[in-house]
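Below is one structure, written out as structure tokens; the observations come after it.
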Amino acid sequence: MDLYNSWLILLLLAEAGFCSADQLVMPAMVSGVKGKNVNFTATVPPSIEVETVTWSFIPKSGVNVPIYVAMLLKEKVSDAYVGRVTYYRTVSTLQLNALTPADGGSYTLTIVDANLNQLVGQTELVVLEPVADVKITSNLLEAVEFNSTVILTCVAKGSSLKYSWQNNSIPVVVDGTHMVQNGSQLIINGVFRADLIGPISCTAKSPLESSTSDTFNLTVNYGPELVTKTQVPAAAVLKKGSNLTLSCSAKSSPAAEFVWLFNGGELPQKTATVVLSNLGEEQSGNYSCMAYNSKTMRYISSEVTQLSVLEAISGINISVSTSTFIAGNSTVNLTCTSSAGKADSVHWHKDGKPLDTNRVIFSTDKRTLSIPIVQKEDAGEYKCELKNKISNGDNKYNMLINYGPENVAIKGDKYAMEGQTMSINCTFASVPYPKFQWKFNGTVIPGETTACLIISGFQSENSGIYTCEASNLVTGLKNIATHNLMVKDSAVQESQGLSKEEEYGYCITILKKRKPQKEHLDLLEQFFGHFVFFFTHKMIPPGSWKNCLHKWKTPLGLALPLPHTVFRPQSLEIGFLSRNSYLPSTCPVNFSLVAQENPTLKFALLLGIF
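Heads up: the sequence shown runs through residues -21 to -1, 1 to 589, numbered per mature numbering (1 follows the signal peptide of the UniProt record, and there is no 0).
Shown next as structure tokens:
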């Protein structure tokens, strides 16, 4: 009997119902992919001694089609399945290759053992289309953040497909509100830029295989936001003629367009960076930028920067209301101006110190300083300082206050010996230096127009009242002082002796451009620098030296010990002889004399200049 006929017998036996109590275990359904292989595997009880194995196919039409039969060491494959099936006896598995949709249906395995007992198993084959051509489509070409609802659809070929989504390979988590998945669609309501920053991909999966789409990117337009404006230099106050660079940036997709505003009006520049060269004061004001996105139709403005352009202060001048000021009679107006630049503040100083405001009046802008009635104490150096935020400068004015003469007095001895040369001085306080006139007993002394009056060879007829009249040609004021000078008898002087340690003073007169006679020179010549000091001596009455002593000054602190022997107080005359000429003077130089022993004295000579 051939194998085919045996196959028919086995089929008839199966229909006759000879069955074993043992069962075959097979899956209820098996899936396979079109064009690929599928395995039908059965679990055979180990107690069964298999004699024949038969596989058959019952298509949807219901006709049983034999596939494979094996008996002992022989096997037979139906002609329709030659090259498509392989049976693995050891694992009871039938492999069907090159699946087609027509292969879908019921597959039956029949096993007959040595006792002609029959075991039957059945499984259902589902032939699936392969997963292919997976891609993403969108309802929009580009979206606007917060405004757009994006619907992405995963399109694929295949059977029994399920879909999943990934953002940059990370599974997308839907929340049911903002992001919803509906089958093959991913719906994003009010899309955020991060939702699709991507790359986005979708995966289509069947029970047996899956496939992932190419990455997908969708532009989400957003912004502008986070607008920032910078300027170089960053100072809020710039010097006239400076250059200014303004830059504006904003976070935006696509890149923002920019508009620059100056005091609310648009500037012609439409770029992110604007350079303003050679700034003028008219360019002071408020600057800001506005970023605009033509896709989102949104705009945002930067903060406003207030810029001041100032000219540096220069050409400071102090003008005066008049050139001559008289104490107690004049009003002073000092006005401080500049040829360039505007000052934010004005400061006045006098003699390096802040100005005392008790006696001065300032204008509202403090540029004009007024002293209603000027006094001599107002004389001095006035400084006006102008400042602004980029510069400062100052100028000075030396104010001269004319006053006097006042405090006019005559200093000198009240007594003189006959033949003695006397000098009296007129002291005063006056600006400018006054003009002098001397009178004796009310009569003008011709030619005496200085503050020092010298009377040579004093005689009794020279006793009387001497008047000094000081006149100020600017103030128009004059003042006088009187001095009573009397002759003193020499006999009284002779009776006066020198006591030990008694101090005596000498009025010493500098010679006037006349060379002293040799017979008048004392034995002492004292050399100092370029000068030679010549001394002569005359008798003076006691007490007369005291009027000279109070004038003593010692700026140089020069002490010269001069050994000299005298028997009574004397008046010395000193001449200053330079290498070329004598130095003229009309005022006395004072010296002091200390009596150490009688009749020998030692001089302490102190040089005083006034």
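We put the beta carbon where it would ideally sit given N, CA and C, even for glycine.
Selection from the options that minimises the alpha carbon distance to residue i
i, options, result
"N146", "T194, Y47, S221", "T194"
"P413", "L456, E397, L379", "L456"
"A234", "Y201, V70, L107", "Y201"
"V123", "N272, M465, V353, K368", "N272"
"P384", "L52, S263, N458", "N458"
"M50", "A59, K13, L95", "L95"
"A183", "D112, L246, S221, D154", "D112"
"S231", "P38, Q248, V254, E204", "E204"
"C227", "N367, T207, G84", "T207"
"K39", "E28, F19, Y86, T65", "Y86"
"E397", "L464, C133, Y142, A322", "L464"
"E262", "M401, T250, V216", "One point to set straight first is that residue 262 is Gln, not Glu, in the sequence displayed. Taking only the C-alpha atoms, the option nearest Q262 is V216."
"S293", "T20, S35, V134, L365", "L365"
"I176", "F415, N265, E121, Q399", "E121"
"T252", "G264, T314, A270, E260", "A270"
DSSP-derived helix/strand/coil call for residue i
i, result
"K355", "helix"
"Y60", "helix"
"T400", "coil"
"E69", "Per the sequence presented here, residue 69 reads as Thr, with Glu not at that position. Helix at T69."
"K530", "Caution is warranted here: a pLDDT of 33 is assigned to K530, below 50, making its placement in the model unreliable, and the coordinate value is therefore given only provisionally. In this structure, K530 counts as coil in the three-state DSSP scheme."
"A135", "strand"
"Q262", "helix"
"R172", "helix"
"E440", "helix"
"P233", "coil"
"A270", "strand"
Nearest-angstrom Cα separation, counted from residue j out to residue i
i, j, result
"L348", "I305", "17 Å"
"N76", "W144", "33 Å"
"K136", "Q97", "43 Å"
"E108", "G162", "19 Å"
"D357", "L432", "33 Å"
"S267", "Q164", "46 Å"
"G100", "N43", "15 Å"
"R172", "S192", "21 Å"
"residue 603", "A93", "Lying outside -21 to 589, the shown extent of the chain, residue 603 is not represented and no answer is given."
"F341", "V283", "37 Å"
"S409", "L258", "55 Å"
"M8", "A81", "16 Å"
"T336", "T461", "41 Å"
"N441", "G331", "52 Å"
"T275", "E236", "12 Å"
"S139", "N168", "28 Å"
"S298", "N451", "26 Å"
"V4", "S127", "56 Å"
"G421", "E427", "14 Å"
"S324", "Q285", "20 Å"
"P178", "S117", "14 Å"
"E448", "S370", "54 Å"
"N367", "T454", "41 Å"
"S221", "G264", "15 Å"
"F407", "T446", "13 Å"
"I37", "F19", "15 Å"
"W417", "H326", "48 Å"
"F415", "G372", "44 Å"
Status (buried if at least 16 other CB within 10 Å, exposed otherwise) for residue i
i, result
"D392", "buried"
"R277", "buried"
"S281", "buried"
"T156", "exposed"
"residue 591", "In this structure the chain extends from -21 to 589, so residue 591 is not present and cannot be described."
"residue 632", "In the structure displayed, the chain extends from -21 to 589; residue 632 sits before or after that span and is not available."
"V61", "exposed"
"N308", "exposed"
"P6", "exposed"
"Q399", "buried"
"N16", "exposed"
"P45", "buried"
"I403", "buried"
One or two residues paired with residue i in a DSSP bridge
i, result
"F36", "V44, Y86"
"H157", "DSSP lists no partner for H157."
"K208", "C227"
"T406", "A388"
"T461", "T446"
"L452", "Beta-bridge pairing links L452 to no other residue."
"A319", "S293"
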